[in-house]
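Asker: I am attaching a structure below and will ask some questions about it afterwards.
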Ligand SMILES: CSCCC(=O)C(=O)COP(=O)(O)O
Ligand SMILES: [Mg+2]
């Protein structure tokens, strides 16, 4: 019996194109100016120290850090420091109404149905918890954050590491076999399955022939199975 569902964002609840063609370019445009302007702010300083750790240069100056952050963006590195800064930068974009968080049409009705069945809902994304709350707080369908009981980002570990799912299961405080992870990336689902979780892969575009996981095209198909 499934007692909690943990969902990925990019490619699962939301279109990859929204992340790669709207969010990432917005962060890229504003990053250098934001970091230079806000570098003394405690949350920004903490993220920059994280980047110093990630590049193993404890004394790196701000220009070196900005160059490293552009390198991370080029390779889509799931750097905890970069993700924290991107979340802070996106805040202005959401608040000014420049964009809203994309949701596939099947997502909100399914999340509501699952909550009505007493299933707890969580998010696990490489995007920072702050960025996750913004996407769902300023989504195409309005503020849907009340549906979620909690959020996890790379502070619990990387999405392809088994230990991350063991860590999340401990925090949710449910046995692994009662947890269902939804993602579009089979390597993330492999890690969740190795931790004893149930898994379903979302195929929002091209099929994934190298996956061992049950595949669905939309959240509706999952609702049908849970009832
Ligand atoms: C919180 S939306 C932005 C997602 C993001 O920054 C990202 O790198 C995508 O990560 P995911 O783990 O959702 O595939
Ligand atoms: Mg994904």
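In the numbering used here, the protein residues as written are 6 to 232. Cβ atoms here follow ideal geometry from the backbone N, Cα and C, with glycine treated the same way. Remember, predicted model here, so these are calculated numbers, not experimental data.
1) Sorry if obvious, but does the Cβ on residue 17 come closer than 7 Å to a heavy atom of ligand 3?
2) How would you write the range of the beta strand (DSSP E) that residue 188 sits in, first residue to last?
3) Taking the straight line between their C-alpha atoms, what separation do you get for residue 59 and residue 84?
4) Fully enclosed by the stretch 158-226, which beta strand (DSSP E) runs are 3 residues long or longer?
5) Which residues mark the beginning and the end of the alpha helix (DSSP H) in which residue 27 is found?
6) Could you give the DSSP three-state label for residue 129: helix, strand or coil?
7) From what residue to what residue does the beta strand (DSSP E) around residue 9 run?
8) Quick one: what's got a C-beta closer than 7 Å to residue 62's C-beta in the same chain, skipping five residues either side?
9) Going by the DSSP bridge assignment, what does residue 143 pair with across the sheet?
10) Which residue marks the beginning of the alpha helix (DSSP H) containing residue 99, and which one marks its end?
11) If you compare alpha carbons, which of 229, 184, 131, 9 is closest to residue 87?
12) Please report the straight-line C-alpha distance between residue 144 and residue 44, rounded to a whole angstrom.
13) In terms of alpha-carbon separation, which member of 193, 137, 150, 122 lies closest to residue 7?
14) Determine whether the beta carbon atoms of residue 221 and residue 196 lie at a separation below 8 Å.
15) Using the C-alpha atoms, what's the distance from residue 214 back to residue 99?
16) Decide if residue 189 is buried, meaning its Cβ has at least 16 other Cβ atoms within 10 Å, or exposed.
17) Looking at the unbroken alpha helix (DSSP H) that takes in residue 77, where does it start and where does it end?
18) Buried or exposed for residue 75, please, with buried defined as at least 16 other CB atoms from any protein chain shown within 10 angstroms of its CB.
19) Looking only at its chain, what residues have a beta carbon closer than 6 Å to the beta carbon of residue 140, apart from the 5 residues adjacent to it on each side?
20) Suppose you measure from the CA of residue 120 to the CA of residue 208; what does that come to, to the nearest Å?
21) Take every Cβ of the stretch 151-162, pair it with every Cβ of the stretch 171-179, and state whether three or more of those distances are shorter than 8 Å.
22) Can you find at least 3 beta carbon pairs, one from the stretch 45-53 and one from the stretch 107-117, that sit closer than 8 Å?
23) With a Cβ-Cβ cutoff of 8 Å, do residue 9 and residue 184 count as a contact?
Answerer: Reading it off the structure:
1) Of the ligands this structure carries, namely ligand 1 and ligand 2, none is ligand 3.
2) 184-188
3) 8 Å
4) List check, beta strand (DSSP E) in window: 184-188, 203-207.
5) Residue 27 -> no alpha helix (DSSP H), and no H or E assigned at all.
6) strand
7) Here the beta strand (DSSP E) through residue 9 covers 9-12.
8) 69
9) DSSP output for residue 143 lists no bridge partner at all.
10) For residue 99, the enclosing alpha helix (DSSP H) starts and ends at 85-100.
11) 131
12) Each residue's alpha carbon lies about 29 Å from the other.
13) 122
14) no
15) 36 Å
16) buried
17) 67-79
18) exposed
19) Once the five neighbours on either side are set aside, the close Cβ partners of residue 140 are 106.
20) 23 Å
21) The stretch 151-162, when compared against the stretch 171-179, does touch it at the 8 Å Cβ threshold.
22) no
23) yes
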